[in-house]
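To keep things clear, I will list the structure first and then write my remarks on it.
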Amino acid sequence: MSNFLRLGVNIDHVATIRNTRGGSHPDPVRAAQLAAEAGANSITAHLREDRRHILDNDITRINLEVDLPLNLEMAPTEEMLKIALEHKPFAVCMVPEKRRERTTEGGLDVVGGRGFLKDYVAQLADAGIRVSLFVEPELDQISTAAEIGAAVVELHTGKYCDAVPDAGSREKELLSISKAADFAQNIGIECHAGHGLGFDTVKPIAAIGVIKELNVGHFLIGEAVFLGLGNAIKHFRTLMNEARENIPER
Ligand code: PXP
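Just so we're aligned, residue 1256 is where the sequence shown starts under my numbering, counting upward by one.
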């Protein structure tokens, strides 16, 4: 099924809620197990420098207690590199990180950082970890990611999701993502996408046949309050499948 679109569920914000009270509830590992039961294909977790949501022990426990591949999001820092090499998750997605941002605000500057990023990519890949770089849908960022040996680029869908739907600006952002995804496919680097996706924005992205994986967190955890986490994930999966029907195999 080469046309299958994988869903990675990001459980960071279960940990955000837990951390507001400093205890152990709600447990992000339990959320990851429920996500597995609901049909997620991987679990994504972002270990931030300030540990505002996922904690080091969550990473240990996800690896041990969850029957899905772990995609560890991390900033390209020496501290995070060391942690990734110790835990050896299935995948790492490197993201830019600013302490005061609410969430990852933009893509990595792979062009500007190619020198040191190349070394990070090599060390992670040598440890058998699939390395992804989170980038804006810009062709020079994607070609540089491929040149420095990344296996995957994840395209930032934030601008597309934030754009006003009826003013034509969302179509413009969608076109950029679609062109960037085609470009990635043509130069032989796997393409993923994520950030800000919800029920009303996922289908046009899922319909881009060359995209192989979506990573989705905040919306699903928020929607879980109303629908339950399993139902929110299952509905998201249904929308992805509907969008994927009748598009040509790539
Ligand atoms: N992909 C990457 C690289 C991210 O940094 C994030 C946010 O942590 C996501 C996907 C998921 O974004 P959201 O939580 O808005 O669905």
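C-beta atoms are modelled at their ideal positions from N, C-alpha and C, and glycine is treated no differently.
For S1387, the beta-bridge partners assigned by DSSP are C1348, V1407.
With a cut-off of 8 Å, the C-beta of V1365 is classified as distant from ligand 1, since no heavy atom of the ligand falls inside that distance. Non-local beta-carbon contacts of A1448 in its own chain, meaning distances under 6 Å to residues more than five positions away in sequence, involve L1410, T1412, I1460, I1466, L1469 in chain order.
In the three-state reduction of the DSSP assignment, R1261 falls in the strand class, which pools E and B. For N1326, the enclosing beta strand (DSSP E) begins and ends at 1325-1329.
Relative to ligand 1, the beta carbon of T1332 is positioned no closer than 8 Å to any heavy atom. DSSP places S1279 outside both helix and strand once states are collapsed to three, so it counts as coil. Per DSSP, reduced to three states, the secondary structure at V1471 is strand. With fewer than 16 other Cβ atoms inside 10 Å of its own Cβ, N1501 counts as exposed. Rounded to whole angstroms, the separation of the alpha carbons of V1386 and L1429 is 25 Å. Exclusion of N1296 from the 8 Å shell around ligand 1 follows from its C-beta lying no nearer than that to any non-hydrogen atom of the ligand.
With a 10 Å radius around the Cβ and a threshold of 16 neighbouring Cβ atoms, N1486 comes out exposed.
Taking the Cβ of N1274 as the reference point, every heavy atom of ligand 1 lies at 8 Å or farther away. If you ignore the 5 residues before and after P1392, its C-beta comes within less than 6 Å of the C-beta of L1410, S1431, I1432, A1435, all in its own chain and listed in chain order. Annotated three-state conformation of T1299 is strand, per DSSP. Boundaries of the alpha helix (DSSP H) harbouring E1402: 1394-1402, taken from the DSSP string.
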